[in-house]
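Taking it in order: structure first as C-alpha cells, then the write-up.
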Amino acid sequence: MSDAFGRIIAEQGLAVPATVARFHVAGSGRYRGRADITSGNLLARLIVRLAGFPAPGRDVDFEISTTPHGGGHVWTRRFGTRKTRSYLRYDSRHACAVEQFGPVAIRMGVQMQGEVLAVQVLGATFLGLPLPRLLTPQSASSEFQTPDGGFGFDISASLPLIGLLIRYQGSFDVPELR
Numbered sequence: 010m011s012d013a014f015g016r017i018i019a020e021q022g023l024a025v026p027a028t029v030a031r032f033h034v035a036g037s038g039r040y041r042g043r044a045d046i047t048s049g050n051l052l053a054r055l056i057v058r059l060a061g062f063p064a065p066g067r068d069v070d071f072e073i074s075t076t077p078h079g080g081g082h083v084w085t086r087r088f089g090t091r092k093t094r095s096y097l098r099y100d101s102r103h104a105c106a107v108e109q110f111g112p113v114a115i116r117m118g119v120q121m122q123g124e125v126l127a128v129q130v131l132g133a134t135f136l137g138l139p140l141p142r143l144l145t146p147q148s149a150s151s152e153f154q155t156p157d158g159g160f161g162f163d164i165s166a167s168l169p170l171i172g173l174l175i176r177y178q179g180s181f182d183v184p185e186l187r
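In terms of this note's numbering, the sequence shown opens at residue 10 and continues consecutively.
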C-alpha cells in the first residue's frame, strides 16, 4: 500500500526518480542513512525541541520507518537518539497529503521540478481549526535520487515571524522491491 505521497504521484502521473518511487510505493519499511540538521534562532530551537525534533548536528545517524496504520502511515524519524513521530494520510477531498504532528495537521502537495519532487505546504490546522498564514509553517522540502542511487532529502520548516525552524538534509538507501 503506497503512502499518501505515492498516491498523489500515481494520480498525477508524475515521473519521479526510481528510488523516490520505491520509497513511496513500498508502504512500509525501515531505512538508515545520515543527516545534517540546522535550526534557527533560540525561539525556533525551543519550538523544534518541543515538537520532538533534534538539536543541530552534522553527519547524524538517521533512520526513518513507515508503518501502515488505519488509512495512513506512521512515520518515525530517528536522529541519533531523538525520535519524532507523525501520521501521514491521503485527503481525497483536497487530493493532498496530510501530516499530523500532535495537534497540528499540515496539508501538502507535490510537484516535479526537474528531477526533484518538491513538497509545498497548502495549509495547516491546530486542533482542527485553520491556522492563519502567519502561523502556518512553510516548507522548501524536496526528495530526489542521489548520484549513487540513494534517496536524497532536503526538508525544512519555517514560520513567517520566526524564520527557519529546522532543516535536515541527507540520504538513505532504498532496496529494490521484491
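Where a beta carbon is used, it is the ideal one built from N, C-alpha and C, also for glycine.
Keep in mind it's a predicted model, so treat the numbers as computed, not measured.
Closest by CA to residue i, which one among the options?
i	options	result
V130	L140, P141, G118, L51	G118
N50	I17, S180, S167	S167
A127	S11, E20, V25	V25
Could you compute how far the alpha carbon of residue i sits from the alpha carbon of residue j?
i	j	result
V29	Q154	7 angstroms
F110	L97	9 angstroms
F62	F160	21 angstroms
G123	A53	31 angstroms
Y40	T76	12 angstroms
I73	D157	19 angstroms
Please return the same chain residues whose Cβ sits closer than 6 angstroms to the Cβ of residue i, not counting the five positions on each side in sequence.
i	result
I164	S150, Y177
Whose C-beta lies closer than 7 angstroms to the C-beta of residue i among residues of the same chain, with five residues either side of it excluded?
i	result
G80	R98
S37	T75, T76, P77
Exposed or buried, what is residue i when buried is set at 16 or more other beta-carbons lying within 10 Å of its beta-carbon?
i	result
L43	Note that residue 43 is Arg in the sequence shown here, rather than Leu. Exposed, since its Cβ has fewer than 16 Cβ neighbours within 10 Å.
I171	exposed
D182	exposed
G15	buried
A27	exposed
L59	exposed
Helix, strand or coil: which one does DSSP assign to residue i?
i	result
L144	helix
A53	helix
Take residue i and list the residues in its own chain whose beta-carbon comes closer than 8 angstroms to its own, dropping the five residues that flank it on each side.
i	result
E185	R31
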